[in-house]
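Input: a single structure, listed below in structure tokens.
Chains as they are written, first to last, in the numbering used here: chain F, 1 to 306; chain P, 1 to 306.
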């Protein structure tokens, strides 16, 4: 039986000012998945570690992309997916995207790579649709491409790799659940033009800062006047984390995806570790269970390891 | 008497999707100005060619920036400004910005350059305030810096030079007047979040396209779903110009500043000249007097020539 083991990484979507258009892949944490090629039609989902995943493949974030891929292929084959989940669902670091991207990259590999990365993102979006009701690509694109990706447009899909200097990422996941669909629902449908102008100045600055390797500009541009003021209310300790981590030397940061995880970018690892200590102190004092990660940007995306 | 002759260039603000934050300087047209250092306080404005400029320096786009500079200097000196206007006021290619930037760059030169470019932009903004009621920097910044500039933020002022590949610019100025203040008034104060997301995807794509020298990405990103649909109504023939120029090979383009001028970017001069012919044919058929320019991006900003 043909099978492959793969590791899809966690991802940070939005990157503060780039709501729905920017994301980056992390080196850690990552899921481990085994994909098996079956000689009869269908998709089977198996959870290896007791995470309560939907068994109906059409309702599963790994299954829905595979169904879409199989429909396009039109061949009498199928896949079994065995998932070892390390990226906790609802953490805000792209858990559903990792399942979707991992399954689709693994399946493509087993078939001899007939599809390009753009196609893989297009299939993986069916997983995001199942998870949150919206086909947003700012997790699946960096998960598949690696590095920092810009999604200029979803329809038609237009993904651009954004080169960047070395960045260290500290993530804290306070153990409360913020559902992506809830975090979307509280957003206003209209925004002030003057706020939108400030936001697109920051997005332009952030992209320029990444490509020009200008850490200072990256830091100045990590400002969100539209989404963060609303969503941060759902995250206990958010303002304190942001203020103290910046004071400790972080370039900046904010809500990872729709939260509750909060991420900070730093120029060097020592700063990223100080930032971790600050995050731990704050959530210990508040009395919230939490996990932290100190990691870097994953430049390759989903890893095929066997 | 100390005096200097300078040539401030025309500029294209907004660059389609970058409302209020992006602008570029043109090689042509440009104004010619003579700035004279006076040993008594005050600012004198002299028009050399009969353009009806406000003589009260506080109400003049060249005078107001000089008054602001003199106040900050606190010395008993003054300036005379003799203006030869070639960039027609109300054309949408930064006529007021050229007067403001030219005066302030010339005055700074006469004083031995005590001020940095950021300061010069800050002073020049007083001219834009006189001209349109709003301190927008997307003309004065490229006029002073040259090239393509990003104004990440106005308060505090944060200007970033955006490197770009060689670009040819075709501009048509249909001879109707669109006042900047009117063009601002018709804009809506609120925009849909989904439109803002599409816009910031394009802005990020445009900045990435410029820095990565990716002409194709530049072309795809030259799309404005917020300002253009409203303002283009003020410009006869706009949709036809855009469609036909793109079909002729232009990367894209749109309203220059608040109009009525329309600009198109092309990869090579031959295309830029074909685009000019198309523009001329359309406005000749409509029966509107018009000027056209085929030029390139001015990389140095205001020129000091004597």
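Glycine included, every Cβ here is placed at the ideal spot set by N, Cα and C.
C-beta neighbour in chain F for residue i, strict 8 Å
i, result
"residue 139 of chain P", "no"
"residue 204 of chain P", "yes"
"residue 78 of chain P", "no"
"residue 313 of chain P", "Residue numbering for chain P in the displayed model covers 1 to 306; residue 313 of chain P lies beyond these limits and cannot be assessed."
"residue 192 of chain P", "yes"
"residue 217 of chain P", "yes"
Selected residue, minimal CA-CA separation from residue i, among the options
i, options, result
"residue 49 of chain F", "F/122, F/84, F/305", "F/84"
"residue 128 of chain F", "F/94, F/51, F/226, F/281", "F/94"
"residue 23 of chain F", "F/156, F/133, F/145, F/175", "F/145"
"residue 44 of chain P", "P/26, P/9, P/82, P/107", "P/82"
"residue 204 of chain F", "F/157, F/21, F/294", "F/21"
"residue 58 of chain P", "P/114, P/68, P/166", "P/68"
"residue 156 of chain P", "P/99, P/125, P/181, P/166", "P/125"
"residue 149 of chain F", "P/130, P/208, P/244", "P/208"
"residue 13 of chain P", "P/151, P/240, P/202", "P/151"
"residue 170 of chain P", "P/10, P/40, P/264, P/122", "P/264"
"residue 3 of chain F", "F/107, F/16, F/75, F/60", "F/107"
"residue 175 of chain P", "P/190, P/131, P/291", "P/291"
"residue 39 of chain P", "P/7, P/52, P/80", "P/80"
"residue 277 of chain F", "F/258, F/250, F/139, F/297", "F/250"
For residue i, the three-state DSSP class (helix, strand or coil)
i, result
"residue 223 of chain F", "coil"
"residue 189 of chain P", "coil"
"residue 154 of chain F", "coil"
"residue 198 of chain F", "helix"
"residue 19 of chain F", "coil"
"residue 38 of chain P", "strand"
"residue 24 of chain F", "strand"
"residue 48 of chain F", "coil"
"residue 1 of chain P", "coil"
"residue 94 of chain P", "coil"
"residue 120 of chain P", "helix"
"residue 261 of chain P", "coil"
"residue 212 of chain F", "coil"
"residue 230 of chain P", "helix"
"residue 7 of chain P", "strand"
"residue 173 of chain F", "strand"
"residue 284 of chain P", "helix"
"residue 65 of chain P", "helix"
Any C-beta of chain P under 8 Å from that of residue i
i, result
"residue 189 of chain F", "yes"
"residue 213 of chain F", "no"
"residue 96 of chain F", "no"
"residue 207 of chain F", "yes"
"residue 20 of chain F", "yes"
"residue 197 of chain F", "yes"
"residue 73 of chain F", "no"
"residue 15 of chain F", "no"
"residue 252 of chain F", "no"
"residue 249 of chain F", "no"
"residue 201 of chain F", "yes"
"residue 265 of chain F", "no"
Residue i classed as buried or exposed, judged by whether at least 16 other C-beta atoms fall within 10 angstroms
i, result
"residue 73 of chain F", "exposed"
"residue 220 of chain F", "buried"
"residue 223 of chain F", "buried"
"residue 64 of chain F", "buried"
"residue 134 of chain P", "exposed"
"residue 270 of chain F", "exposed"
"residue 260 of chain F", "buried"
"residue 285 of chain F", "exposed"
"residue 199 of chain P", "buried"
"residue 305 of chain P", "exposed"
"residue 112 of chain P", "exposed"
"residue 122 of chain P", "buried"
"residue 327 of chain F", "Residue 327 of chain F falls outside the range modelled here, since chain F spans only 1 to 306, and no answer is possible."
"residue 78 of chain P", "buried"
"residue 160 of chain F", "buried"
"residue 233 of chain P", "exposed"
"residue 188 of chain F", "exposed"
"residue 8 of chain P", "buried"
"residue 177 of chain F", "exposed"
"residue 92 of chain F", "buried"
Against chain F: residues of the segment 157-184 of chain P by CB proximity under 7 Å: Residues 158, 160, 162.
Residues of the segment 219-234 of chain F with Cβ closer than 8 Å to any Cβ of chain P, in chain order: Along the segment 219-234 of chain F, going in chain order, the ones with a CB nearer than 8 Å to a CB of chain P are 220, 221, 226.
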